[in-house]
Amino acid sequence: MQFFKKVSVLAVAVLVALSTYAAAAASLTGLRSSSTAARDRIVFDLSEMPLYQARPSDDGRSLTLDFADVDTALFKRIAVRTSRIEAISYERHHGHFYVTVALAKGMDYSIGNLTNPFRIFVDVAPKGAAAAQRHAGVPRPSVLPADTDAPAKAQLPRLEEKQLAAGLTQREYVYADEDGPVTAYFIEADPARYRVRPALARGIIPGRQTVSGIAQDTNAAAAINASYFALSGELIGITKIDGTVVSSTYFDRSAFGVMPDNSFVFGTVSYNGTVKLDRTSLPVSGVNAERGADNLIIYNRAYGRSTGTNPYGLEYVIRNGRVAEINTNDSLIPPDGYVVSVHGTLMDAFAAAGVRVGDPAVLTEDLGEPWNRAVQVLGAGPRLVENGSVHVTAGEEQFPGDIRYGRAPRTAVGVTQKGNILFAVVDGRQSHSHGLTLTEFADLLVQFGVRDAINLDGGGSSEICADGDVLNSPSDGSERAVGSALILQKK
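Using mature numbering (1 follows the signal peptide of the UniProt record, and there is no 0), the letters of the sequence shown map in sequence onto residues -24 to -1, 1 to 467.
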């Protein structure tokens, strides 16, 4: 028996390339599980040993086995749920078959294989015990007859509810439609006990981080993925955190806001900004974004230490309402001010006006009402629910087809008829949940008593966390690093 030692559950994926790999595709013929007082074991029965990757998630709470070119015609998917294993999910995509094992809190895993007969097994045990097993080796597993009878289908629909703390409730809802099962997850919070706000990945733009990582860094009781974002980590859409605009948008899109009195608002938000240096006013092209041709970009403390720009523009460092410095590029961003970075025709306009150090500077940002008064704003969209009725505005807000059409994993933030905050995520593109269209998602939210709601980024980004645990099954097989999260913090 060969045994693959895992240094850490946070380690990078290890490619397992076995010399016994046959030219013909291996067949995955069965999956079995067993439990002892010391550990749970999952066994994969195979005709040959395939190439596969073992990929732990960043937080160590799940392990995905990626089987390359494996035949699953004879394979019967079964559900496994124990005190050590929360769930097993399956997905086939582009010739690969993915099996993800979600571990209960405090569990670790080890992987081994047999070559005669061909078996791969995963042992799950409490941390420390699994590590000891990896170093000591494990006994050759006894080969049991394949269990061809899957567990009886659970009665659906099924709603499970858990009180996480006073004013904080977790729900999991599983139901089936004509196309198969759907699994949804909810966190409902009392705004008298919890505050809600956006949080940036690693605290800056651009940045990317898992939702669970953002939750841990901000001491959040619960979190969901939030803004649309570019691969660089720049946010797409208006975001306002603690009164400061940290990202803007080119489209009028649906948003969620928190007012100074802790009430919530939903609607369409836009951004219009101007900068006046001395007597010359110019429009703002964006906030905390990469500067393009003929652009004027505002960089504030959310962008980090410096602007990181190239030398083909001019930058005006603003402190205390005055031009403090004029640079060509990569200016340091003052924590109590901002940088006006210009290029092309806008650079020429300020230069022609003779703007100098010491000249007055005024930044005006208009989001419209009530958004100007809002303390927190998260722009994403489209709208899903308005005044307790389904109201999907994907067409009006010019969303592309990959968001607008089809079933997918989904994320939303809403407010219930009782005035509570509701985080919602639906799994998709997996055997346990096929996902929902925007309209189906809106219908589900209304069923759960939502008065108003907007859609957030979805697909592989969709994730919901509570008390440090990832509750759902992200469709990538592991957590995706995203640009921002919406978090709940205890007051």
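In this text, a Cβ means the ideal position worked out from N, Cα and C, and glycines have one as well. All values reported here derive from a predicted model rather than from experimental measurement.
- Distance from the CA atom of Arg349 to the CA atom of Cys441, rounded to whole angstroms, is 29 Å.
- Taking all protein chains shown into account, Glu345 has fewer than 16 neighbouring C-beta atoms within 10 Å of its C-beta and is therefore exposed.
- DSSP places Thr244 outside any alpha helix (DSSP H); the residue lies instead in the beta strand (DSSP E), whose first and last residues are 240 to 245.
- Non-local beta-carbon contacts of Ala80 in its own chain, meaning distances under 7 Å to residues more than five positions away in sequence, involve Ser59, Arg60, Ile61, Glu62 in chain order.
- Here the alpha carbon of Ala327 sits roughly 30 Å from the alpha carbon of Gly213.
- Judged by DSSP in its simplified three-state form, Arg31 adopts strand.
- Its Cα nearest to that of Phe97, the residue Gly6 stands out among Gly6, Ala142, Leu176.
- Ranked by how close their Cα comes to the Cα of Leu462, the residues Pro32, Thr76, Gly189, Lys252 have Gly189 in first place.
- Closest in alpha carbon position to Thr76, among Thr392, Asn448, Pro174, is Asn448.
- Taking each of Asp153, Leu176, Asn296, Asn286 in turn and checking the Cα distance to Gly320, the smallest one comes out for Asn286.
- Per DSSP, Asn348 has no beta bridge partner at all.
- With a cutoff of 8 Å on beta-carbon distance, Gly434 and Thr387 are scored as near each other.
- Annotated as proximal: Ser460 and Ala175, with beta-carbon spacing under 8 Å.
- Rounded to the nearest whole angstrom, the CA to CA distance from Asp445 to Val293 is 42 Å.
- The way I'd put it, the segment 245 to 253 does touch the segment 326 to 343; three or more beta-carbon pairs between them come closer than 8 Å.
- For Ser407, the secondary structure class from DSSP, reduced to helix, strand or coil, is coil.
- DSSP, read as helix, strand or coil, puts Thr387 in strand.
- Taking C-beta atoms under 8 Å as the contact rule, Glu455 and Asp34 qualify, at a distance of about 6 Å.
- In the three-state scheme derived from DSSP, where H, G and I count as helix and E and B as strand, Glu372 is classed as coil.
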